[in-house]
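Numbering (UniProt numbering), first residue to last: 1 to 262.
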Ligand code: ATP
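Have a look at this one:
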């Protein structure tokens, strides 16, 4: 089966620093892919290029869908999120701390509501079309809250929740936009062992029950080994290994990169 996403000879330079140096990789459809590597390897820069935060210096990132190829490197970030339906979370939590959990999930869907408002009569928001869109957004938010075990927190301010729960809210918020590729930047960072085990189960459920394609950056090797189908190992902006987790784990270059970084 064709991969969902291919990265082809990607280069990202910041002045004299080459953060990504001719990287090519595949993100298999309906699978969980982990991107690992020592600090400074270029992992977050890769995410920033895929999601349009950075325009790469060279190379292509291509989404392969039933309709054909879409070159993401030609699209602006907001179009990558909206049209290619690629969404991400960040290394640091970026919720609206003063809003409730439910409100955070509704804000994520403002585009659908905006679109419905545009079709409603000259700003009269209480037309049936707008109300239907509002109802659908609410139902979607409640469905993902339930799926992620967050229903009980719906009306609490997001900023008041424990760290691990906030991380789950971020994932729920991303899921509300119904992505075809979900990119998670270090989702296990700061989680305790119980929360980490819950995250493993959630990622597997998103793959198996919701047929989602996941790409995640992670330093926690337990999570990487337990959930990923495919692993890409980066060092100094290059790919040094790619394949099944058991395969890359024994790769001499991967072992050397990690020992060198220790
Ligand atoms: P970590 O695991 O520590 O998060 P990483 O693998 O995600 O690291 P990146 O954050 O992608 O690594 O950084 C790769 C390199 O690019 C580093 O040398 C970093 O200093 C540099 N870099 C990243 N973003 C910028 C930027 N906006 N301006 C200049 N240099 C940058």
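Each residue gets a CB set at the ideal place from its N, CA and C atoms; glycine is no exception.
Comparing alpha-carbon positions, the option among 25, 64, 53 lying closest to residue 78 turns out to be 53. DSSP, reduced to helix, strand and coil, places residue 44 within a helical segment of the structure shown.
With respect to residue 158, residue 166 sits close: the two C-beta atoms are nearer than 8 Å.
Rounded to whole angstroms, the gap between the alpha carbons of residue 30 and residue 188 is 21 Å. At a cut-off of 3 residues, the continuous stretches assigned as beta strand (DSSP E) that sit fully inside the segment 63 to 114 are 68 to 71, 86 to 88. With distances taken between CA atoms, residue 173 lies nearest to 146 out of 197, 192, 146, 193.
Here residue 168 has 148, 150 as same chain residues with Cβ atoms under 7 Å from its own Cβ, once five neighbours each way along the sequence are excluded. Put simply, the residues with a CB less than 6 Å from any heavy atom of the ligand ATP are 14, 17, 19, 37, 39, 40, 41, 42, 43, 44, 45, in chain order. CA-CA distance, residue 236 to residue 142, rounds to 42 Å.
By the CB criterion at 8 Å, residue 60 and residue 139 fall outside the cutoff.
Checking the DSSP bridge columns, you'll see residue 61 partnered with 7.
If you draw a straight line from the Cα of residue 35 to the Cα of residue 152, it comes to about 33 Å. Within the DSSP bridge table, the entry for residue 235 names 238 as partners.
Taking residue 186 as the centre and dropping the five residues before and after it, the same chain places the C-beta of 91, 217, 218, 219 closer than 7 Å to its C-beta, in chain order. By the neighbour-count criterion, in which 16 or more other beta carbons inside 10 Å mark a residue as buried, residue 255 falls on the exposed side.
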